[in-house]
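>
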Ligand code: NAD
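Residue numbers (our numbering): 197 to 928.
#1: Considering only residues of the same chain and omitting the five flanking positions on each side of residue 868, which have a CB-CB separation below 6 Å?
#2: Within 7 Å: the Cβ of residue 637 and any heavy atom of the ligand NAD?
#3: Using beta-carbon positions only, say whether residue 631 and residue 684 come within less than 8 Å of one another.
#4: Run the proximity test for residue 618: is its beta-carbon closer than 7 Å to any non-hydrogen atom belonging to the ligand NAD?
#5: Determine the DSSP secondary structure at residue 919, reduced to helix, strand or coil.
#6: Quick one: Cα of residue 556 to Cα of residue 910, how far?
#7: Would the beta-carbon of residue 831 be found less than 7 Å away from any heavy atom of the ligand COA?
#8: Apart from the five residues just before and just after residue 820, which ones in its own chain have a Cβ nearer than 6 Å to its Cβ?
#9: By the three-class DSSP mapping on this structure, what secondary structure does residue 510 have?
#10: Check whether the Cβ of residue 556 sits closer than 7 Å to any heavy atom of the ligand NAD, and report yes or no.
#11: Closer than 7 Å to a non-hydrogen atom of the ligand NAD - does that hold for the CB of residue 929?
#12: Please state the DSSP three-state secondary structure of residue 747.
#13: Keeping to the same chain, check which residues put their C-beta closer than 6 Å to that of residue 690; ignore five residues upstream and five downstream.
#14: Which ranges would you report for the alpha helix (DSSP H) in the region 815 to 895 if only whole runs of at least 4 residues count?
#15: The ligand NAD heavy atoms versus the CB of residue 551: any closer than 7 Å?
#16: Along the chain, where does the beta strand (DSSP E) that runs through residue 673 open and close?
#17: Using DSSP's beta-bridge definition, name the partner residues of residue 251.
#18: Starting from the N-terminal side, write out each stretch of the alpha helix (DSSP H) that is 4 residues or longer and does not extend beyond the region 481 to 554.
#19: Going by DSSP, what residues sit across from residue 658 in a beta bridge?
#20: Within 10 angstroms of the Cβ of residue 670, are there 16 or more other Cβ atoms? Answer buried if so, exposed if not.
#21: If we ignore side chains and look at the alpha-carbon of each, how far apart do residue 613 and residue 765 end up?
#22: Look at residue 734 and residue 826 and say whether their C-beta atoms are less than 8 Å apart.
#23: Using the beta-carbon count (16 or more within 10 Å), is residue 206 buried or exposed?
#24: Counting pairs of Cβ atoms below 8 Å between the region 403 to 422 and the region 305 to 314, do you hit three or more?
#25: Let me check one thing: in DSSP terms, what residues is residue 260 bridge-paired to?
#26: Residue 319 to residue 563, Cα distance in whole Å?
#27: Work out the CA separation of residue 680 and residue 518 for me, nearest whole Å.
#28: Between residue 707 and chain D, is there a C-beta pair that is closer than 8 Å?
#29: By the three-class DSSP mapping on this structure, what secondary structure does residue 800 have?
#30: Would residue 654 and residue 677 qualify as a contact pair, given that the criterion is a beta-carbon distance under 8 Å?
#31: Sort out for me which residues DSSP pairs residue 614 with in a bridge.
#32: Tell me whether residue 360 is buried or exposed, calling it buried when 16 or more other Cβ atoms sit within 10 Å of its Cβ.
#33: Of the choices 436, 524, 378 and 475, whose alpha-carbon is the least far from that of residue 458?
#34: Would you check if there are 3 or more beta carbon pairs closer than 8 Å linking the region 630 to 644 to the region 587 to 603?
#35: Whole angstroms is fine: what's the gap from residue 426's alpha carbon to residue 866's?
Quick look at the structure:
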């Protein structure tokens, strides 16, 4: 394996080029680090070499660290994973510190070799931490490139010196959006923010010139120079004090204390600011170790990085030939159809967007035009690109225009007979190979497939709203759906760069099946006299992005009523949610339909800004004098979702818990800190979950009864990931 190569030019500049051959973007592996370290030694020891340029052989610099490396560091530690992780991190620090010191005398700070870093494009995570250790960072003027430290988004923080260096370079306040929010910037903006030093059309030439002219003083980092003061002030400086007090409050406000990485990051920054640089690196390494050992971080890495990527790469794709989509027909140019047309055109796929008449189809196409216009205003796209995007979408009401489509995505009204009618009309014009997908949210795929002459080519592709923002797509197999249809759906989802899960056909599939009980539990508690403020805060304090009442306001009360009525009709006497409907239907009777009517469980001002909980609610559903514990409310809200996920697995709707976890976070925002419902169960342990749910079933009803599978796991002492996890046999 050679990820790094060294070549010395006639001017005495050694160029170290990073180029991981098997990957489209560089990612750092354990071996990669060893190679880089060796080449730095070689270049520093060779008297013929005057300076070093570190760059990449690709059009980007690096996508980051292979997070499997971190998982391995932990595994390698056996009984003492902390020691192994800490040692591994300190080794990385040593390499980067060697680059930073570049052979200079630590006392006189003289005699080092200039080391410049050249970023041809995107530089993320360790791909920015390495440059931050170099003496000067040059980037190509590539507006598409992203420069940043996104670690926090997968539950860790920059632990290879990025935290300590960025804070010392920019100050705690200015560094916080990059560290705490994982914000990334295009090169010009990264330069303006002070993260990188130069942006130019020919960064190699600029770096070369800089290396040849660099003086001893140019190589000394501010924090290694005498009299260094942290920009904005260290914690005991009056200005710094305010920053740290504010940051601490902000982090707790945003994370509600459930994300260990954010807190650990802040501690590393605060404590690191009080000590010399090398000690600060050690502190950073200790906090980083503690984060890696926290089950929340390992679960987040597993779900949001390792398994998400595995699913995107087709972990559950049947082995049939490439099914890439060339031309997609989208039926129904309403809210969903318009969004599906947009994301397909963005992926370079030709789209035929069909509605009942040409005007309706054109309205759907205008959604893409509006989207592009907003992008032009924000400098994210150009009028030329907008035209190219629109030229891919043909708006029509003529079925003959669908003839060449190899995939159809149907998003017409949620009505069996309307859907049957369009299915027949499509099949009369398309080729025998065409796959037909429906975007239904509530109708069984197997029932809709009855309208098709090719049920093995009939499948569900369920998008979430708004299509262009939501990352998850649920693929639903009907009873007769064949492998080619599954592969086609997966290849399509890959083309439009979303994350797929593949589930079997059952009421509400997977995501809606779990989120509806969450909303219902919140509404039910209102009916019981639990304070709505307690309900909403309990949800947020357990890491749900929206409380159940806010969520139903967003998705609309009338949609809730519609779903409740349809479910009641389908379930008859088994329907369990009468108490929920009392509240929900009453809200609808008051005309409070949620955000869209500017009135729901919450009040809204004239501009649509959400205010407090609607005061009129208490007149109908008075808040009881005695309120449940916070923990009890949280358990009700969490188990409402988690037990449904377990039942979906038990019933074979889910066949892979990785999909259950990834789908929960991306589909409905299930407490991301937990890594998903199955990871959460593994964290708290099946025995505890079984015990708590048994009590809850007695107090609150049969919906909390311990599913047989969970009871079994509690008895056997196995965890879900031990039994069903990555690389193991599928659940069903
Ligand atoms: P919508 O009412 O906004 O759009 C439906 C469109 O279909 C309309 O433009 C209508 O003119 C068109 N249409 C109706 N009958 C037609 C026919 N016979 N031929 C051609 N076009 C026809 O609805 P929507 O919210 O976009 O939902 C569409 C589908 O997507 C439904 O099945 C719905 O359950 C599903 N879905 C909706 C959401 C959501 O959040 N709205 C999420 C996932 C799935």
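The beta carbon of each residue, even a glycine, is placed where N, CA and C say it ideally should be.
So, from the listed chains and residues:
#1: 861
#2: yes
#3: yes
#4: yes
#5: helix
#6: 55 Å
#7: With respect to small molecules bound, the structure shown includes the ligand NAD and not the ligand COA.
#8: 725
#9: coil
#10: yes
#11: There is simply no residue 929 to check, as the chain begins at 197 and stops at 928 in what is shown.
#12: helix
#13: none
#14: 826 to 846, 853 to 864 and 873 to 880
#15: yes
#16: 668 to 673
#17: 213
#18: 491 to 497, 504 to 508 and 531 to 542
#19: 670
#20: buried
#21: 17 Å
#22: yes
#23: exposed
#24: yes
#25: 223
#26: 33 Å
#27: 9 Å
#28: Looking at the structure shown, chain D is missing, and only one protein chain is on hand.
#29: strand
#30: yes
#31: Note: residue 614 sits in no beta bridge, so no partner.
#32: buried
#33: 378
#34: yes
#35: 39 Å
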